[in-house]
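Protein chains in written order, with the numbering used here: chain A, 60 to 335; chain B, 60 to 335.
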């Protein structure tokens with residue numbers, strides 16, 4: 060249990076740069092999507108602003124965690140601006156246990172994944188009772204999915220259960236979310252215009268495609284012995300970062316587009332003023 | 060008195076990670092609830108904006124203190140960016156007395172707990188005389204409750220009094236606050252709609268449930284010898300952080316919901332524009 064988050068293997072300079080640059084790309088994408096969305100909320104009608112603000116909150120939370128992960132990673136591998144200890148050629152570092160804190164990703168997901176479902180439902184502008192019923196099921200399921208995935212990813216063998224068991228347990232709420240989004244929510248789509256229905260279907264596909272990266276990366280990173288190797292860690296960090304950028308930044312920008320189109324549909328004066 | 064806030068025992072890597080990640084979760088929750096609430100104040104009628112702004116102030120003050128606590132904790136256990144001393148395997152640190160400043164929590168509570176009662180009363184939009192009379196009693200009682208709890212939590216034996224005596228003294232203003240909220244304030248609820256009454260009752264229960272965590276954690280952390288062990292400190296930090304997130308972020312977001320519903324009830328044009 061003492062070994063949680065401890066990387067006892069070394070990365071080559073090339074591997075280090077790959078993760079380092081991806082995490083920096085994560086910071087840039089999350090931070091500036093956030094600033095854009097916070098300010099762009101005024102370009103939709105008041106009834107759609109909360110959906111855009113929740114999208115901005117998601118990317119803001121992720122920006123904070125990418126800053127933390129970047130520092131944690133740089134520090135764990137000793138190649139930060141202060142010390143400039145190069146970790147080339149697979150040598151290990153000169154201080155004992157180098158920590159790269161995997162917890163940041165899970166805390167980020169615990170907060171952002173439920174909020175992604177909130178923005179997805181909120182932007183449709185459904186009747187309050189329907190919206191509330193959908194969210195009361197989606198939000199706890201999303202939190203449960205993340206909480207059950209964590210013990211597997213950190214190789215805790217919590218309650219004596221194997222990583223793959225935690226992975227499977229986490230799949231149950233995932234399938235439930237898919238059911239609610241594909242079956243229950245589809246009923247509410249009939250009131251939407253053709254254009255919105257298409258965008259929404261694209262959004263749902265983006266969600267399943269990007270969320271699919273997490274379990275695939277998770278399985279790949281289990282390795283043959285059940286503990287990840289250096290190159291497993293690199294694939295995991297690169298895979299998670301690309302998935303995060305698509306699932307949060309691209310997703311949030313599509314939410315903004317939907318809110319713009321629905322605003323123009325609802326109000327002709329707004330549409331004219333905004334050049335729609 | 061020299062031993063205030065001094066952790067003379069070591070945490071395992073797992074215990075360190077648990078507290079470290081909880082404090083980071085605290086930062087993320089407080090900071091982004093704050094940004095959301097500051098901007099979301101425009102989504103309620105002007106008469107309810109001060110209540111939302113006080114909620115945003117509470118989470119902002121807490122965000123500051125969570126940044127401080129995160130740094131204080133990381134530094135006390137030597138795992139910060141400057142020193143990079145890993146604290147693995149239960150070894151103690153190589154610099155003398157590692158301070159984790161417990162004072163931050165109490166300074167935070169001294170400011171935020173009275174403000175939580177201000178937002179709770181302000182959002183009801185009561186007659187000014189009633190509101191003022193309630194706050195003149197609730198605010199000093201809340202400050203007194205925190206001030207009397209502090210000497211017990213730091214094991215100061217101030218004025219020769221035992222920790223448990225300070226804990227008991229702190230309970231007196233707590234019970235008075237409960238009396239005001241459950242008996243006095245209930246009279247004012249008759250003018251509110253059914254929906255608001257239900258939300259308000261939930262809010263009061265959230266308040267008593269989360270505030271209850273503090274004395275329970277306090278009692279648990281007293282330990283058998285009167286001084287906390289490493290695992291007592293871990294439970295205390297984790298317990299306080301979860302209670303803080305519920306009592307400030309969730310509480311503030313419910314205040315925002317109440318303000319939204321009351322805005323929609325008061326003004327039909329606002330309700331229509333906001334999609335209520």
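All C-beta atoms, glycine included, are put in the ideal place defined by N, C-alpha and C.
Exercise. Mapping DSSP to helix, strand and coil, what is residue 153/B?
Worked result: With a pLDDT of 34 at residue 153/B, under the threshold of 50, the modelled position of that residue is not reliable, and no figure is offered here.
Problem set entry | Three-pair Cβ contact test at 8 Å for the stretch 126-134 of chain B versus the stretch 317-328 of chain B | Touching, no, given that fewer than three Cβ pairs across the two stretches are closer than 8 Å.
For this session: Using the Cα positions of residue 292/B and residue 159/B, report the straight-line distance between them to the nearest angstrom.
Result: Residue 292/B and residue 159/B have their C-alpha atoms some 11 Å from each other.
For this session: Say whether chain E places a C-beta atom closer than 8 Å to the C-beta of residue 261/B.
Result: Absent from the structure is chain E; the protein chains it does hold are A and B.
Exercise. What does residue 300/A touch in chain B if you count any residue whose Cβ is under 8 Å from its own?
Worked result: Those do not exist, as residue 300/A stays about 18 Å from chain B at its closest Cβ, beyond 8 Å.
For this session: Could you check which residue in 235/A, 181/A and 216/A has the C-alpha nearest to that of residue 202/A?
Result: Of the candidates 235/A, 181/A and 216/A, the residue whose Cα lies closest to the Cα of residue 202/A is 235/A.
Problem set entry | Boundaries (first-last residue) of the alpha helix (DSSP H) holding residue 130/B | For residue 130/B, the uninterrupted alpha helix (DSSP H) run begins and ends at 105-135, by DSSP.
Exercise. Residue range of the alpha helix (DSSP H) that residue 78/B falls in?
Worked result: Run containing residue 78/B: 72-99, per the alpha helix (DSSP H) assignment.
Exercise. Should residue 132/B be flagged as near chain A, meaning a C-beta pair shorter than 8 Å?
Worked result: Interface with chain A (8 Å Cβ-Cβ cutoff): residue 132/B is excluded.
Exercise. For residue 325/A, which of helix, strand or coil comes out of DSSP?
Worked result: In the structure shown, residue 325/A adopts helical secondary structure according to DSSP, grouped into three states.
For this session: Give the residues of chain B in contact with residue 216/A, contact being defined as C-beta atoms less than 7 Å apart.
Result: Neighbours of residue 216/A on chain B: none; closest Cβ ~13 Å, over 7 Å.
Exercise. For residue 114/A, which option in 93/A, 124/A and 102/A has the closest C-alpha, if you only look at C-alpha atoms?
Worked result: Check the Cα spacing between residue 114/A and each of 93/A, 124/A and 102/A: the tightest is with 93/A.
For this session: Could you please give the first and the last residue of the uninterrupted alpha helix (DSSP H) stretch that includes residue 45/B?
Result: Examination of residue 45/B is not possible in this model, given that chain B is present from 60 through 335 alone.
Exercise. Along chain B, in chain order, which residues have C-beta atoms closer than 7 Å to that of residue 119/A?
Worked result: Result: 91 and 94.
Exercise. Mind checking whether residue 314/A and residue 110/A have CB atoms under 8 Å apart?
Worked result: Taking 8 Å as the cut-off, the beta carbon of residue 314/A is found closer than this to the beta carbon of residue 110/A.
Exercise. Should residue 122/B and residue 169/B be called a contact, given that it needs their Cβ atoms to be closer than 8 Å?
Worked result: No, they are not a contact pair.
For this session: State the Cα-Cα distance for the pair residue 8/B and residue 196/B, rounded to the nearest angstrom.
Result: Missing from the structure shown is residue 8/B; chain B here goes from 60 to 335 and no further.
Problem set entry | Meets three-Cβ-pair contact criterion under 8 Å: the stretch 181-200 of chain B and the stretch 241-248 of chain B | The stretch 181-200 of chain B is in contact with the stretch 241-248 of chain B.
Problem set entry | DSSP-derived helix/strand/coil call for residue 213/A | Of the three classes helix, strand and coil, the one that applies to residue 213/A here is coil, per DSSP.
Exercise. Residues in its own chain within less than 8 Å of residue 258/B by CB, not counting five upstream and five downstream?
Worked result: 313, 316, 317 and 320.
Exercise. Going by C-alpha distance, which of 309/A, 88/A and 289/A is nearest residue 73/A?
Worked result: Comparing alpha-carbon positions, the option among 309/A, 88/A and 289/A lying closest to residue 73/A turns out to be 289/A.
Exercise. Taking the alpha-carbon positions, what's the residue 117/A to residue 178/A distance?
Worked result: Each residue's CA atom was taken as its position, placing residue 117/A and residue 178/A some 9 Å apart.
Exercise. Closest by CA to residue 79/B, which one among 297/B, 333/B and 335/B?
Worked result: Among 297/B, 333/B and 335/B, the Cα nearest to that of residue 79/B is on 297/B.
Problem set entry | Nearest-angstrom Cα separation, counted from residue 264/B out to residue 208/B | Cα-Cα distance, rounded: 22 Å.
Exercise. Do the CB positions of residue 166/A and residue 83/B come within less than 8 Å of each other?
Worked result: Yes, they are a contact pair.
Problem set entry | Status (buried if at least 16 other CB within 10 Å, exposed otherwise) for residue 124/A | Buried is the call here.
For this session: Output, in sequence order along the chain, the residues in the stretch 98-130 of chain B whose CB is closer than 7 Å to any CB in chain A.
Result: Within the stretch 98-130 of chain B, the residues whose Cβ lies closer than 7 Å to some Cβ of chain A are 98, 99 and 102, listed in chain order.
Exercise. Apart from the five residues on each side of it in sequence, which residues of its chain come closer than 7 Å, Cβ to Cβ, to residue 303/A?
Worked result: So the qualifying residues of the chain are 85 and 121.
Problem set entry | Cα-Cα separation, residue 96/B to residue 238/B | Between the C-alpha atoms of residue 96/B and residue 238/B there is a straight-line separation of about 29 Å.
For this session: Could you list which residues in chain A have their beta carbon closer than 7 Å to that of residue 334/B, in chain order?
Result: Residues of chain A whose Cβ lies closer than 7 Å to the Cβ of residue 334/B are, in chain order, 106 and 184.
For this session: Could you have a look at residue 242/A and say whether DSSP puts it in helix, strand or coil?
Result: Residue 242/A sits in a helix when the DSSP states are folded into three classes.
Exercise. Do residue 306/A and residue 175/A come within 8 Å of each other at the CB atom, strictly closer than that value?
Worked result: Contact flag set, yes.
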